[in-house]
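Notes follow once the structure below has been shown.
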Amino acid sequence: MAADSHLDTDVAVVGAGLAGLVAARDLVRAGLGVIVLEARDRVGGRTLNEPVGADPEQVVELGGQWFGPTQHRVSALARRPERYVEKVWSEEPYSGGGYAGYMPPGAWTDHGAALRAAIGPLHWAGSETATIWNGYMDGAIQSGQRAAREVASALG
Ligand SMILES: Cc1cc2nc3c(=O)[nH]c(=O)nc-3n(C[C@H](O)[C@H](O)[C@H](O)COP(=O)(O)OP(=O)(O)OC[C@H]3O[C@@H](n4cnc5c(N)ncnc54)[C@H](O)[C@@H]3O)c2cc1C
Numbered sequence: 312m313a314a315d316s317h318l319d320t321d322v323a324v325v326g327a328g329l330a331g332l333v334a335a336r337d338l339v340r341a342g343l344g345v346i347v348l349e350a351r352d353r354v355g356g357r358t359l360n361e362p363v364g365a366d367p368e369q370v371v372e373l374g375g376q377w378f379g380p381t382q383h384r385v386s387a388l389a390r391r392p393e394r395y396v397e398k399v400w401s402e403e404p405y406s407g408g409g410y411a412g413y414m415p416p417g418a419w420t421d422h423g424a425a426l427r428a429a430i431g432p433l434h435w436a437g438s439e440t441a442t443i444w445n446g447y448m449d450g451a452i453q454s455g456q457r458a459a460r461e462v463a464s465a466l467g
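Numbering-wise (our numbering), the sequence shown opens with residue 312 and increments by one.
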């Protein structure tokens, strides 16, 4: 994009993981104009589908995949788990297999709330900002819903 070009929108969502996509969905439902900016060439973030064979409907889950009781938000999104696959995530070059951000003892207690405190027009989502299922898909969805509510309320 040229440096002098601009996009006309109410909200720019940075990142198309579960949190960003849910926030964008809820903001569109609230009647706001939304663009989603994603650095990678795919959406989904730490969730990832890989096709199995030629049928695009047949996929395996290679990122976030397991959820269970009390994870109501991701349960509501999920439809048909179909395959099981094993992958050596510790061989991943960037994450080394870690699937969520981790803070040292005391950091959550002392500074956790600051992770979701808006700074001017900037609002923060992401599983690591969630108050339930932090680091999991359900937490990502909760954080996206919360950020969307904050933004919709701020835009009045
Ligand atoms: C191997 C693995 C297994 C997992 N297993 C489970 C599981 O079984 N159950 C479970 O509940 N959870 C699991 N998780 C965790 C779950 O996948 C994550 O908590 C959740 O998907 C995080 O969603 P998010 O939207 O918060 O962040 P992400 O999915 O990380 O999304 C952030 C997005 O923002 C983009 N981005 C970052 N910076 C920028 C920028 N400056 N500009 C534009 N785009 C940017 C990134 O490319 C990414 O697409 C697993 C994760 C991994 C990796």
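For glycine and all other residues, C-beta sits at the position ideal for the given N, C-alpha and C.
In whole angstroms, what separates the C-alpha of residue i from that of residue j?
i: residue 423; j: residue 458; result: 16 Å
i: residue 454; j: residue 440; result: 6 Å
i: residue 304; j: residue 328; result: Residue numbering for the chain in the displayed model covers 312 to 467; residue 304 lies beyond these limits and cannot be assessed.
i: residue 410; j: residue 421; result: 23 Å
i: residue 416; j: residue 425; result: 16 Å
i: residue 437; j: residue 331; result: 7 Å
i: residue 395; j: residue 431; result: Legend: pLDDT at residue 395 = 47, less than 50; position of this residue unreliable, no value from coordinates given.
i: residue 471; j: residue 342; result: Because the chain here runs from 312 to 467, residue 471 falls outside it and cannot be looked at.
i: residue 317; j: residue 408; result: 37 Å
i: residue 324; j: residue 401; result: 30 Å
i: residue 419; j: residue 435; result: 16 Å
i: residue 345; j: residue 414; result: 32 Å
i: residue 393; j: residue 363; result: The pLDDT assigned to residue 393 is 47, lower than 50, so where the model puts this residue is not dependable, and the model offers no usable value.
i: residue 446; j: residue 412; result: 7 Å
i: residue 433; j: residue 467; result: 15 Å
i: residue 351; j: residue 361; result: 16 Å
i: residue 334; j: residue 365; result: 32 Å
i: residue 462; j: residue 429; result: 10 Å
i: residue 322; j: residue 456; result: 14 Å
i: residue 336; j: residue 404; result: 31 Å
i: residue 370; j: residue 460; result: 33 Å
i: residue 359; j: residue 353; result: 9 Å
i: residue 375; j: residue 448; result: 7 Å
i: residue 320; j: residue 339; result: 11 Å
i: residue 452; j: residue 389; result: 12 Å
i: residue 464; j: residue 384; result: 22 Å
Considering only DSSP beta bridges, list what residue i is partnered with.
i: residue 325; result: 348
i: residue 433; result: 430
Within the region 341-424, ranges of the alpha helix (DSSP H) (whole runs, at least 4 residues): 383-388, 418-422
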